[in-house]
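Asker: All letters in the sequence shown, in the order written, are residues 1 to 276 by this note's numbering.
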Amino acid sequence: MEDFTIAIYCFVDDYLKDRHLKEGARRKLSDAQIITTAIVAARYFSGNFVKARLYLKEAHQFDFPDKSNFNRHLHRLAPTISSLFFALGQTLKELNLSSQYMIDSFPVAVCRNIRIKRCKLLKGKAYRGENLSKREYFYGFKVQVITTLEGLPVEYFICAGSYHDITAFKSMNIDLPPQSELFADSAYIDYELEDYYKELELIDLLAVRKSNSKRPDHPAMEFIKKFMRKRIETTFSEITAFFPRKIHVVTIQGFILKVVLFIFAFTLDKIAYIAT
Numbered sequence: 001m002e003d004f005t006i007a008i009y010c011f012v013d014d015y016l017k018d019r020h021l022k023e024g025a026r027r028k029l030s031d032a033q034i035i036t037t038a039i040v041a042a043r044y045f046s047g048n049f050v051k052a053r054l055y056l057k058e059a060h061q062f063d064f065p066d067k068s069n070f071n072r073h074l075h076r077l078a079p080t081i082s083s084l085f086f087a088l089g090q091t092l093k094e095l096n097l098s099s100q101y102m103i104d105s106f107p108v109a110v111c112r113n114i115r116i117k118r119c120k121l122l123k124g125k126a127y128r129g130e131n132l133s134k135r136e137y138f139y140g141f142k143v144q145v146i147t148t149l150e151g152l153p154v155e156y157f158i159c160a161g162s163y164h165d166i167t168a169f170k171s172m173n174i175d176l177p178p179q180s181e182l183f184a185d186s187a188y189i190d191y192e193l194e195d196y197y198k199e200l201e202l203i204d205l206l207a208v209r210k211s212n213s214k215r216p217d218h219p220a221m222e223f224i225k226k227f228m229r230k231r232i233e234t235t236f237s238e239i240t241a242f243f244p245r246k247i248h249v250v251t252i253q254g255f256i257l258k259v260v261l262f263i264f265a266f267t268l269d270k271i272a273y274i275a276t
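What follows is the structure, encoded as structure tokens:
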């Protein structure tokens, strides 16, 4: 844990210095320390900031402000955390010599279905989604994630739970290198979109075909696509293993921020595992 914490802090601090971001002179904690605390909380304490603060105060002598000030500073840094993740994702794309990627989505429920009427964070039918793999409904968000073959997330997109995968995909700003292959399940079938990416972006969108598809696959390609689908499902299982039973927040922004931190923490942990 200690080596992971130090590595994260150095990585974040170097990124912020490179961007020449200025901080207040009277602040007890730097932006790098606040972001490090949030990532450590997501990695080791199921997103519990209080436990992460206690650990970092005792082990690394972080001088924390009170709880409300810490949360306020962290929420202010939410765009910086996102830009930091996508900068890391860009580096991972450059290092991905195979130019092969996978995309799929996983649900994140805000509450149990029986408590939907009493939910204070979200309101509306837009957040009522269906988890087809488990044959159940949920109330919350869908997270679209693009990963490398090694399971390293490089892009994400969070939308309301009712959004179909192909609808969310069309809303994403896909930024993959030319000549890339993007494997997906049958929920991402859109022939016009496939032609668009192939002709204009030079990206092959390889979705698993349905039995009545107008563009059936060769058996070898069909096997490869299904194999890729299983690999990304393993990645989602590893990401959600960091989640607590219930994500404790008081605002929608805080909920989304914690989901992003879990994805970020998993990515950094996976990189450290591959490096060793």
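Glycine included, each C-beta is placed from N, C-alpha and C at the ideal position. The structure presented is a predicted model; accordingly, all values stated were derived computationally and were not measured.
Which one of F62, R215, E181 and P177 has the shortest CA to CA distance from T37?
Answerer: Closest by alpha carbon: F62.
Asker: If distances are taken between C-alpha atoms only, which option among K214, K17 and F85 comes closest to I39?
Answerer: Here the closest residue by C-alpha is F85.
Asker: Quick one: is G124 buried, meaning 16 or more other Cβ sit within 10 Å of its Cβ, or exposed?
Answerer: The residue in question, G124, is exposed, as its Cβ has fewer than 16 Cβ neighbours within 10 Å.
Asker: With K120 and G129 assumed to form a contact (beta carbons below 8 angstroms), what rounded beta-carbon distance in angstroms separates them?
Answerer: Not a contact, Cβ separation roughly 19 angstroms.
Asker: Please state whether the Cβ-Cβ distance between Y188 and I166 is less than 7 angstroms.
Answerer: Result yes, Cβ atoms of Y188 and I166 sit closer than 7 angstroms.
Asker: Count the other C-beta atoms from every protein chain shown that fall within 10 angstroms of the C-beta of N113, then say buried if there are 16 or more, exposed otherwise.
Answerer: Exposed, since its Cβ has fewer than 16 Cβ neighbours within 10 Å.
Asker: What's the gap between the Cα of F183 and the Cα of F106?
Answerer: Spanning the two alpha carbons is a distance of roughly 16 angstroms.
Asker: Please name the residue in E201, I146, P216 and A272 whose C-alpha comes closest to that of E233.
Answerer: Of the candidates E201, I146, P216 and A272, the one whose C-alpha sits nearest the C-alpha of E233 is I146.
Asker: Does the Cβ of K258 have 16 or more other Cβ atoms within 10 Å, making it buried, or fewer, making it exposed?
Answerer: It counts as buried.
Asker: Run through the DSSP bridge pairs and tell me what A283 is partnered with.
Answerer: Any question about residue 283 goes unanswered here, given that the chain covers just 1 to 276.
Asker: What are the partner residues of N131, as DSSP defines its beta bridges?
Answerer: BP columns for N131 point to E136.
Asker: Can you check whether the CB of A42 is closer than 7 angstroms to the CB of F49?
Answerer: Taking 7 angstroms as the Cβ cut-off, F49 and A42 do not qualify as a contacting pair.
Asker: Let me know the beta strand (DSSP E) ranges lying completely inside the stretch 177 to 254, each 3 residues or longer, listed in chain order.
Answerer: Taking only runs of at least 3 residues, the beta strand (DSSP E) segments lying wholly in the stretch 177 to 254 are 180 to 184 and 203 to 207.
Asker: Are there 16 or more other CB atoms within 10 angstroms of the CB of Y101, so buried, or fewer, so exposed?
Answerer: Under this definition Y101 is a buried residue.
Asker: Take the Cβ of Y163 as the centre, count every other Cβ of all protein chains shown within 10 Å, and call the residue buried at 16 or more, exposed below.
Answerer: When all chains shown are included, Y163 counts as buried.
Asker: For Q33, name the three-state secondary structure that DSSP assigns.
Answerer: In the structure shown, Q33 sits in a helix (DSSP, three-state: H, G or I).
Asker: Can you list, in chain order, the residues of its chain whose CB lies under 6 angstroms from that of E136, leaving out five sequence neighbours each side?
Answerer: So the list is empty, once near-sequence residues are dropped.
Asker: So what does DSSP say about F49, is it helix, strand or coil?
Answerer: Helix at F49.
Asker: For I203 versus Y196, is the C-beta spacing smaller than 7 angstroms?
Answerer: Contact: no.
Asker: Using the DSSP secondary-structure output, state which residues sit across from E94 in a beta bridge.
Answerer: Paired residues: none, contrary to the question.
Asker: What is the DSSP secondary structure of P153, counted as helix, strand or coil?
Answerer: Reduced to three states, the DSSP call for P153 is strand.
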